[in-house]
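Asker: Pasting in a structure now, in C-alpha cells, and then I'll have a few things to ask.
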Amino acid sequence: MSAVLQTSSTQTGIPRGRAIEPFDVLDACHQQMVTALQQMGDLVVHLQDKGVDGKTQEMARAIFLFFMNTARQHHLDEERHVFPALINSGDDELVRHTLRLQQDHGWIEEDWLELAPQFESIAAGYNWFNIDQLAHAVPVFQALYQDHMALEESLIYPEAKARIAEWDLQGMGREMALRRREAGKPIKPGQ
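My numbering puts the first residue of the sequence shown at 46, with every later residue one more than the last.
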C-alpha cells in the first residue's frame with residue numbers, strides 16, 4: 046500500500062494519478078533546490094549587471110519563499126523520518142554520515158539566516174543588500190547544499206528506503222501530507 050500525498054504534479058514533478066511515495070517528494074524537492082540554487086546565482090549576476098528591477102524582485106521573492114518554507118519542510122522531513130532509522134542502524138559509517146547531514150542542516154540554516162534579509166530586501170525593491178557579500182556567500186551556500194544533496198541521494202536515501210518498514214513509510218507519508226496541507230505557515234527553526 047502506498048502512502049499518497051495530496052499534492053499537485055507541479056509541486057512535486059511527479060505525474061498526477063500516481064501514488065506519491067515519501068521519497069518521491071524528497072527527491073522532487075531536491076530537484077526544486079537545484080533550480081532555486083541556480084536562480085540564486087543568476088540573481089547575483091543580474092544584480093551586478095542591472096541592479097534591482099522587477100525581474101530581480103520576482104526572483105528574490107521566489108527564492109526567499111522557497112528557502113523559508115519548502116526547504117525547511119524538507120529538512121524537517123529528513124530529521125523526523127529519514128535520519129532516525131539510520132542513526133539507530135548500528136552501522137558506524139552510516140551513523141557518521143547521518144550525523145554530518147544533521148550538522149549540515151544547522152550550517153545551511155545559519156547560512157540562510159545570513160542571506161534571507163538580503164533576498165527579502167531585494168524582493169521588496171530595496172537597495173540595501175550587499176552585492177559583494179551575496180557574490181561571496183551564494184556560491185558557498187550552493188556548494189554546501191549540493192554536497193549535502195549528493196550524499197543524501199547516493200547513500201542516505203537508498204539506505205533509508207531499505208531500512209524503513211512499509212508501515213513506517215505510510216506514517217511518514219501521512220505526517221508529511223498533513224504538514225503540507227498546513228503550508229503557508231512558515232516553519233520556524235527548531236520546529
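We put the CB at the ideal spot given by N, CA and C, even for glycine. Since the model is a prediction, treat every value here as computed from it, not as a measurement.
Am I right that Arg224 and Leu131 are in contact with their C-beta atoms under 8 Å? What's the rounded C-beta distance?
Answerer: About 21 Å separates the two Cβ atoms, so there is no contact after all.
Asker: Which residues in the same chain as Gly96 place their Cβ atom closer than 8 Å to its Cβ, once the five residues preceding and following it in sequence are excluded?
Answerer: For Gly96, where only same-chain residues beyond five positions count, the Cβ hits under 8 Å are Asn172.
Asker: Taking DSSP as the reference, what is the three-state secondary structure of Phe35?
Answerer: Residue 35 cannot be examined here, being either before or after the span of the chain that is shown, 46 to 236.
Asker: Near Glu124, which residues of its chain fall below 8 Å by C-beta distance, leaving aside the five closest residues on each side in sequence?
Answerer: Taken in chain order, the residues that qualify are Gln147, His150.
Asker: Below 7 Å between beta carbons: does that hold for Met19 and His75?
Answerer: Since the displayed the chain opens at 46 and closes at 236, residue 19 lies outside it and no answer follows.
Asker: What did DSSP end up calling Ala182 once you bin it into helix, strand or coil?
Answerer: Looking at Ala182 - three-state DSSP - the assignment turns out to be helix.
Asker: Taking the alpha carbon of Trp157 as the point to measure from, which residue in Lys100, Asn114, Ala73 has its own alpha carbon closest?
Answerer: Closest option to Trp157, Cα to Cα, is Asn114.
Asker: Is Glu66 helix, strand or coil when you go by DSSP?
Answerer: Reduced to three states, the DSSP call for Glu66 is coil.
Asker: Can you check whether the CB of Ala105 is closer than 7 Å to the CB of Asn167?
Answerer: According to the sequence shown, residue 167 is Ile rather than Asn. In contact: Ile167 and Ala105 (Cβ atoms closer than 7 Å).
Asker: Beta-carbon separation of Leu110 and Thr101 under 7 Å?
Answerer: Not a contact, by the Cβ cut-off of 7 Å.
Asker: Between which two residues does the alpha helix (DSSP H) holding Phe164 run?
Answerer: Taken as a continuous stretch (DSSP letters only), the alpha helix (DSSP H) holding Phe164 covers 137-168.
Asker: Considering Glu204, what are the terminal residues of the alpha helix (DSSP H) in which it resides?
Answerer: Residues 202-208.
Asker: Under the three-state reduction of DSSP, which class applies to Ala228: helix, strand or coil?
Answerer: Residue state, collapsed to three classes: coil.
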